[in-house]
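What follows is a single structure, written as structure tokens, with notes after it.
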Amino acid sequence: MHLAWGIVLVLVAFILISIAVKKYVKTAEDYWIMGRKAKWWMFTGTLTASYVSLSTFIGGVGSAWNWGPMPFLLFYTSSFTFGWIIAVTLIGLRMRKLGVTSISEYYKVRFGNNGKWMFAGLGLTLAGILYFYLLVQIQGGGLILQTIFDIPLPLAVTIMVIIVAFTLGLSGMWSVVITDTFATVLFILIAIIILPATISAVGGVDAGIAAISSFDGWSATGSSGLGMASFVGYALAWLAIVGGSPHIINRSLIVDKPKSVLKGSFISYTITVVLSILIFISAGMLMAVIEPGSMHPDSISAYASVHVWPWIVGVLIIGAAMSAAFTTANTQALSIAQGIVDLFRYALKPDMSDDAKKKYTTVISVIVLILVGVMAFRQNYLLIIAGSLAGIIASLGLFPTLILSLYWERLTIKAVNIMIWLSVPVGAFMIITNNLWGWFAPFPTVYSFPIGFGGLIILSLLTKQTKGEKEGYKLLKDKGFATEEAAPEKQDYVILIGGFIVVTVVYFMLLSMIGIF
1158 MHLAWGIVLV
1168 LVAFILISIA
1178 VKKYVKTAED
1188 YWIMGRKAKW
1198 WMFTGTLTAS
1208 YVSLSTFIGG
1218 VGSAWNWGPM
1228 PFLLFYTSSF
1238 TFGWIIAVTL
1248 IGLRMRKLGV
1258 TSISEYYKVR
1268 FGNNGKWMFA
1278 GLGLTLAGIL
1288 YFYLLVQIQG
1298 GGLILQTIFD
1308 IPLPLAVTIM
1318 VIIVAFTLGL
1328 SGMWSVVITD
1338 TFATVLFILI
1348 AIIILPATIS
1358 AVGGVDAGIA
1368 AISSFDGWSA
1378 TGSSGLGMAS
1388 FVGYALAWLA
1398 IVGGSPHIIN
1408 RSLIVDKPKS
1418 VLKGSFISYT
1428 ITVVLSILIF
1438 ISAGMLMAVI
1448 EPGSMHPDSI
1458 SAYASVHVWP
1468 WIVGVLIIGA
1478 AMSAAFTTAN
1488 TQALSIAQGI
1498 VDLFRYALKP
1508 DMSDDAKKKY
1518 TTVISVIVLI
1528 LVGVMAFRQN
1538 YLLIIAGSLA
1548 GIIASLGLFP
1558 TLILSLYWER
1568 LTIKAVNIMI
1578 WLSVPVGAFM
1588 IITNNLWGWF
1598 APFPTVYSFP
1608 IGFGGLIILS
1618 LLTKQTKGEK
1628 EGYKLLKDKG
1638 FATEEAAPEK
1648 QDYVILIGGF
1658 IVVTVVYFML
1668 LSMIGIF
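Structure, rendered in structure tokens:
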């Protein structure tokens, strides 16, 4: 009963927040990027809520319980580390300085190109990348509702889609950011209480540590039965997801000034890593009271919330999981819709009014949510695996084009168009054949990364560079890489030193727990 009320309160809070901030949405730019009014603490909230998705609270918890905490900790936190650096400081910060409102507009400016094939290809790629990751959030939220309220999965998914569509339609990115910040408060509360509550529930720290050890959970691959190469493949997938995901990069465009990107992202990264470590260690300790393999891993969060953790922890975990699903699904749907609208406003209907841009984005967001919702009626993948599949598509086209476009002047739009258009069908082929026959083992990203980067380099060298591409690269260097004088404030030092202290304390606490320090 407590868990049900926790979910209801979270969803009601999100609806009320979206209604309250609707008054700030007057233009398409307000709907897309908050009119660039987000302060650094808002950026911290929204970035953290994007990083900490259902891949953490449902997929990650299930994997840590089933395999032990180390496999997921190793590839998840390493991917976040490099993905954070790439998405926020290498890509997002440059786009914010350039003054663009979307990834598609960045390509338009960078390559001096307004072609419909480029925008259509980007729209298709955004949809292909975000489909699997959006599926994780919609289906994961549905699984929570199904478990707690004992209703069929299709009905649970339908409820999820209706609420996300309603709130997103009301206030766009304003709804995304403020609900994200609300969710981050829940995440911080969980980080404070999850480990001591779990230790108490499983009979003490020694019992929890012994349970993990008995299932080889402290080894790099745990009890998964998979080789290290498989986890390297997963790490590469999540590197592409985090480092090149449109819904994460777009968040860098909402801030009031570039400095807010760096300050907000540092705090977000600290919260994310600390939370991930504490949650996965706690999930691994559940082995002491729930036999690994005794249920579907994606059900373990809800089960433990009801039968193992104290009710307050269960309410926070399920509420946070619902928040994570909600706050990641809405911005992914918005990113897909914005990519499609960019095709219209730049290539097909350049005279589109501001009101039409906003309405088109709203309608397309709802359509995307409905389509993904229908696909989420059946559970075909472990949620953590489904999320990883998005990285295969991203690593073939969008991710390498973003990186090379920033640092390699010779990259041509012809090469970009070819790889962008190929990324979805080739990625789908790799996913299907790997799933059915084990091709591209141990995981397709081991192959898709060199194919993506290598294909772009070879095709660029074989095609002629245009004047627009040269001018676009010069503009990027002049504006996107411009240095700004900004005197550090006292709070900057507090944030920097505080973050290092928190991470250091957690690190040595865990070393002490497992007997290394």
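For any residue, its number in our numbering is found by taking its place in the sequence shown, counting from 1, and adding 1157. In this text, a Cβ means the ideal position worked out from N, Cα and C, and glycines have one as well.
Non-local beta-carbon contacts of GLY1299 in its own chain, meaning distances under 7 Å to residues more than five positions away in sequence, involve LEU1310, ALA1313, VAL1314, MET1317, ALA1533 in chain order. Annotation: the stretch 1194 to 1266 contains no complete segment of the beta strand (DSSP E) (minimum length 3 residues). Residue pairing for VAL1412: DSSP places it in a beta bridge opposite ALA1195.
The alpha-carbon of ILE1174 is positioned some 47 Å away from that of SER1617. Here LEU1160 is actually not in contact with GLY1400; their C-beta atoms are around 35 Å apart, not less than 8 Å.
For VAL1169, the uninterrupted alpha helix (DSSP H) run begins and ends at 1159 to 1178, by DSSP. With fewer than 16 other beta carbons inside 10 angstroms of its own, THR1184 counts as exposed. DSSP places MET1444 within a helical segment (H, G or I) once states are collapsed to three. Take ILE1176, set aside five residues on each side of it, and the residues of its chain with a beta-carbon closer than 7 Å to its own are LEU1327, in chain order. DSSP places GLU1186 inside the alpha helix (DSSP H), whose first and last residues are 1185 to 1190. When the five nearest sequence neighbours on each side are left out, the beta carbons in the same chain lying within less than 7 Å of the beta carbon of TYR1233 are those of GLY1217, TRP1395, SER1433, in order along the chain. Bounds of the alpha helix (DSSP H) holding PHE1344 are 1310 to 1358. Taking C-beta separations shorter than 6 Å and ignoring five residues to either side along the sequence, the partners of LYS1571 in its chain run THR1620, following chain order. Burial of GLU1262 is indicated by the presence of at least 16 other C-beta atoms within 10 angstroms of its C-beta. Contact check for ALA1244 against ILE1405 passes: the beta carbons are separated by less than 9 Å. Residue environment: LEU1559 is assigned as buried (16 or more neighbouring CB atoms within 10 Å of its CB, all protein chains considered). Counting the other CB atoms within 10 Å of its CB gives LEU1166 a total below 16, which places it among the exposed residues. Contact check for ILE1457 against GLY1219 passes: the beta carbons are separated by less than 9 Å. Separation of the CB atoms of ILE1301 and ILE1475 is rounded to 6 Å, and the pair is thereby assigned contact status at 8 Å. Per DSSP, TYR1503 lies in no alpha helix (DSSP H) and is assigned neither H nor E. Short of 7 Å from the beta carbon of LYS1179, and not among the five residues preceding or following it, lie these beta carbons of its own chain, in chain order: LEU1327, SER1328. Straight across, the Cα-Cα distance linking ILE1428 with PRO1557 is about 28 Å. Close CB contacts of ARG1193 within its chain, under the 8 Å cut and outside five residues either way in sequence, are with GLU1186, LEU1410, ILE1411, VAL1412, ASP1413 (chain order).
Of the candidates THR1258, THR1518, THR1205, GLY1629, the residue whose Cα lies closest to the Cα of ALA1348 is THR1205.
Going by DSSP, MET1532 is part of the alpha helix (DSSP H) stretching over 1511 to 1532. Going by beta carbons, MET1479 and ALA1368 fall outside the 9 Å limit. The Cβ atoms of LEU1633 and ARG1253 lie no closer than 9 Å to each other.
Taking all protein chains shown into account, VAL1573 has 16 or more neighbouring C-beta atoms within 10 Å of its C-beta and is therefore buried.
By the neighbour-count criterion, in which a residue is buried when 16 or more other Cβ atoms sit within 10 angstroms of its Cβ, ALA1482 is buried. DSSP places THR1620 in no alpha helix (DSSP H); its state is neither H nor E. Setting aside the 5 residues that flank it on each side, TRP1375 is surrounded in the same chain by GLY1225, MET1227, ILE1369, ILE1671, each with a C-beta closer than 7 Å to its C-beta; the list follows chain order. One Cα belongs to MET1576, the other to SER1371, and the distance between them is close to 47 Å. Boundaries of the alpha helix (DSSP H) harbouring VAL1293: 1273 to 1306, taken from the DSSP string.
Cβ neighbours of THR1518 within its own chain (closer than 8 Å, five residues either side excluded): ALA1185, TYR1188, TRP1189, GLY1329, LEU1491, ALA1494, GLN1495, VAL1498.
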